[in-house]
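Q: Keeping their order, the protein sequence lines are chains A and B.
222 is the number that my numbering gives the last residue of the first sequence; the numbers go up by one with no jumps.
222 is the number that my numbering gives the last residue of the second sequence; the numbers go up by one with no jumps.
There are 2 protein chains.
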Amino acid sequence: MKKILIIEDEQIVAKELCELLNSSGYESIVLENFQEAKKEIFNISPDLVLLDINIPYKNGELLLQELRRESSVPVIMVTSRNNETDEVLSMSYGADDYITKPYNPNILLLRIGAVLKRTGISLEVQKYKELEIYLQKGIIKRGEKEVNLTKNEMIILNYLLAHQNKIVTRDELMTDLWNNDEYINDNALTVNISRLRSKLKEVGYQDAIETRKKMGYILL
Amino acid sequence: MKKILIIEDEQIVAKELCELLNSSGYESIVLENFQEAKKEIFNISPDLVLLDINIPYKNGELLLQELRRESSVPVIMVTSRNNETDEVLSMSYGADDYITKPYNPNILLLRIGAVLKRTGISLEVQKYKELEIYLQKGIIKRGEKEVNLTKNEMIILNYLLAHQNKIVTRDELMTDLWNNDEYINDNALTVNISRLRSKLKEVGYQDAIETRKKMGYILL
DNA sequence: TTTCTTTATTACAAAATTGAAACATTTTTT
DNA sequence: AAAAAATGTTTCAATTTTGTAATAAAGAAA
Numbered sequence: 003m004k005k006i007l008i009i010e011d012e013q014i015v016a017k018e019l020c021e022l023l024n025s026s027g028y029e030s031i032v033l034e035n036f037q038e039a040k041k042e043i044f045n046i047s048p049d050l051v052l053l054d055i056n057i058p059y060k061n062g063e064l065l066l067q068e069l070r071r072e073s074s075v076p077v078i079m080v081t082s083r084n085n086e087t088d089e090v091l092s093m094s095y096g097a098d099d100y101i102t103k104p105y106n107p108n109i110l111l112l113r114i115g116a117v118l119k120r121t122g123i124s125l126e127v128q129k130y131k132e133l134e135i136y137l138q139k140g141i142i143k144r145g146e147k148e149v150n151l152t153k154n155e156m157i158i159l160n161y162l163l164a165h166q167n168k169i170v171t172r173d174e175l176m177t178d179l180w181n182n183d184e185y186i187n188d189n190a191l192t193v194n195i196s197r198l199r200s201k202l203k204e205v206g207y208q209d210a211i212e213t214r215k216k217m218g219y220i221l222l
Numbered sequence: 003m004k005k006i007l008i009i010e011d012e013q014i015v016a017k018e019l020c021e022l023l024n025s026s027g028y029e030s031i032v033l034e035n036f037q038e039a040k041k042e043i044f045n046i047s048p049d050l051v052l053l054d055i056n057i058p059y060k061n062g063e064l065l066l067q068e069l070r071r072e073s074s075v076p077v078i079m080v081t082s083r084n085n086e087t088d089e090v091l092s093m094s095y096g097a098d099d100y101i102t103k104p105y106n107p108n109i110l111l112l113r114i115g116a117v118l119k120r121t122g123i124s125l126e127v128q129k130y131k132e133l134e135i136y137l138q139k140g141i142i143k144r145g146e147k148e149v150n151l152t153k154n155e156m157i158i159l160n161y162l163l164a165h166q167n168k169i170v171t172r173d174e175l176m177t178d179l180w181n182n183d184e185y186i187n188d189n190a191l192t193v194n195i196s197r198l199r200s201k202l203k204e205v206g207y208q209d210a211i212e213t214r215k216k217m218g219y220i221l222l
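(1) Per DSSP, what kind of secondary structure is Gly145(A) in: helix, strand or coil?
(2) Let me see if you follow: with CB-CB separation under 8 Å, is Ile157(A) close to chain B or not?
(3) Anything in chain A within Cβ reach of Lys153(B), meaning under 7 Å, just list it in chain order.
(4) Cα-Cα, which of Gly115(A), Tyr100(A), Leu221(A) and Glu155(A) is closest to Asp54(A)?
(5) Hey, is Asn182(A)'s beta-carbon within less than 8 Å of any beta-carbon in chain B?
(6) Cβ of Leu125(A) less than 8 Å from any chain B Cβ?
(7) Can you check DSSP and say which residues form a bridge with Lys5(B)?
(8) Using a Cβ cut-off of 7 Å, pull out every chain B residue sitting near Asn45(A), in sequence order please.
(9) When DSSP labels each residue in this structure, what does Lys17(A) get in the three-state scheme?
(10) Taking only beta-carbon positions, decide if Asn194(B) is within less than 8 Å of chain A.
(11) Along the chain, which unbroken stretches of the beta strand (DSSP E) at least 3 residues long are found entirely within the segment 155 to 185 of chain B?
(12) Return helix, strand or coil for Asp188(A), following the three-state DSSP convention.
(13) Of the residues Gln13(A), Ala116(A), Leu202(A) and Ile14(A), which one's Cα is nearest the Cα of Ile158(A)?
(14) Provide the residue span of the alpha helix (DSSP H) that contains Glu38(A), from first to last.
(15) Do the segment 187 to 196 of chain A and the segment 15 to 24 of chain B meet, that is, are 3 or more Cβ pairs less than 8 Å apart?
(16) Per the DSSP calculation, Glu134(A) is bridged to which residue(s)?
(17) Along chain A, which residues have their Cβ under 7 Å away from the Cβ of Asn160(B)?
(18) If distances are taken between C-alpha atoms only, which option among Lys41(A), Pro48(A) and Leu65(A) comes closest to Met3(A)?
What follows is the structure, encoded as structure tokens:
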């Protein structure tokens with residue numbers, strides 16, 4: 003369950019937010035005081051912070067900078083000022099999103115979801131159809147079946163994923179794999195593709211990589 | 003240089019947009035007709051699409067769905083309707099961001115930058131201080147110096163990066179590496195940390211991983 | 001069809017990776 | 001200060017990964 007820290011001094015607003023989030027499957031914690039939040043953020047280690055910009059003391063943008071010194075947690079700024087300057091500043095100061103009061107609860111939830119998804123991208127699983135790809139672990143999964151990929155297989159799969167719906171030439175893959183630094187047998191690529199295919203087959207992805215003769219490969 | 007496809011039927015608006023983007027270091031292409039865009043998107047292969055929702059024929063949300071069938075390119079929806087329902091829909095239909103007219107050019111640029119950054123995360127380089135981490139290639143770089151990481155080293159570095167400013171326990175790392183499936187010598191972790199450290203040292207990152215005795219490790 | 005080109009598969013040896021063990025060093029506890 | 005505990009380093013053998021070569025299969029060209 004994702005933990006969300008709400009920094010908000012108006013108790014009524016905070017309570018409402020809290021209930022909204024809890025009923026949507028998040029765990030939420032409210033802190034009214036920013037200084038306290040700054041000290042506690044390390045221990046709380048939330049997955050996301052909702053930072054209300056109208057809290058007493060300084061203005062929100064500065065607070066955001068202060069918070070960033072303590073933690074790299076994603077932050078959504080909440081403000082009642084509908085001022086474009088603020089928006090520009092808050093984005094360049096490192097907020098991950100920005101929402102103005104009064105906000106629609108559905109939109110807030112969508113934005114929270116979007117930010118969590120974004121920031122999670124580098125940590126978690128990438129999906130392609132029913133295939134789950136754990137880039138950093140070199141693992142692919144489909145259902146219960148799990149297979150280990152080697153570095154080369156991962157590079158190829160990753161390249162194909164990054165170029166979905168496009169034909170990827172053998173040259174591109176060669177460059178991505180070996181960077182043309184040294185001479186590498188042309189067939190090495192074919193072999194590695196073959197190995198990747200057989201692993202995809204192991205998890206039930208027959209014919210996922212299609213050959214387009216004289217052109218390259220495409221991920222289906 | 004990043005290529006941006008503008009789908010916009012009002013020529014004046016399109017021209018302004020085009021100039022704004024070009025002067026900000028993007029390459030921009032305008033198509034006035036959505037059907038044409040749908041056909042051409044494969045060949046153009048833009049890095050991002052600005053989709054104006056007020057183009058003739060159907061409404062924008064449906065168009066977005068159509069586009070998604072052709073390409074997984076990130077899309078920013080542009081609309082003059084400031085209607086919350088639209089916003090909710092466009093986000094759930096897969097737009098990567100949403101902006102209403104009239105918009106501040108600076109904000110548009112910020113949003114474009116943000117979307118490109120997000121969507122690029124899974125493909126490109128991740129940065130930590132002066133260190134460039136190519137997750138999918140298992141390579142780290144600093145300046146000219148480049149070193150190859152093994153899968154285990156990558157897993158550890160990735161975990162540390164994902165938990166910046168937090169102390170990461172040895173147990174967490176053990177679980178991340180071997181998932182407690184089988185018994186693994188406790189020292190195996192220490193050895194792998196040691197190996198990672200020496201590779202970080204190779205690129206000039208002395209003392210990047212600090213030991214917090216009895217607690218774990220922290221990335222500095 | 002026949003030939004030629006492109007891609008696939010398998011087997012293999014060299015190279016890289018890995019966990020364990022032994023031993024060293026540092027920090028904490030007593 | 002001494003002992004104990006935690007962490008670090010090096011070496012080694014087993015395993016995995018990898019490029020090459022030999023051979024096979026599939027598609028395109030003639």
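Even glycine gets a Cβ: it sits at the ideal position worked out from N, Cα and C.
A: Working from what's here:
(1) When DSSP states are grouped into helix, strand and coil, Gly145(A) belongs to the coil group.
(2) yes
(3) Those are Gly140 and Lys153, listed as they occur along chain A.
(4) Tyr100(A)
(5) no
(6) Any answer about Leu125(A) is weak, because its pLDDT of 45 lies below 50 and its placement is not dependable; what the coordinates show is given next. Judged by the 8 Å Cβ criterion, Leu125(A) is in contact with chain B.
(7) Per DSSP, Glu29(B).
(8) Residues of chain B passing the Cβ test: none, with the nearest at roughly 10 Å.
(9) helix
(10) no
(11) none
(12) helix
(13) Ranking Gln13(A), Ala116(A), Leu202(A) and Ile14(A) by Cα distance to Ile158(A) puts Leu202(A) first.
(14) Phe36 to Ile46
(15) Two segments are said to touch when three or more pairs of C-beta atoms, one from each, lie closer than 8 Å; by this definition the segment 187 to 196 of chain A does not touch the segment 15 to 24 of chain B.
(16) Residue pairing for Glu134(A): DSSP places it in a beta bridge opposite Lys129(A) and Lys143(A).
(17) Gln138
(18) Pro48(A)
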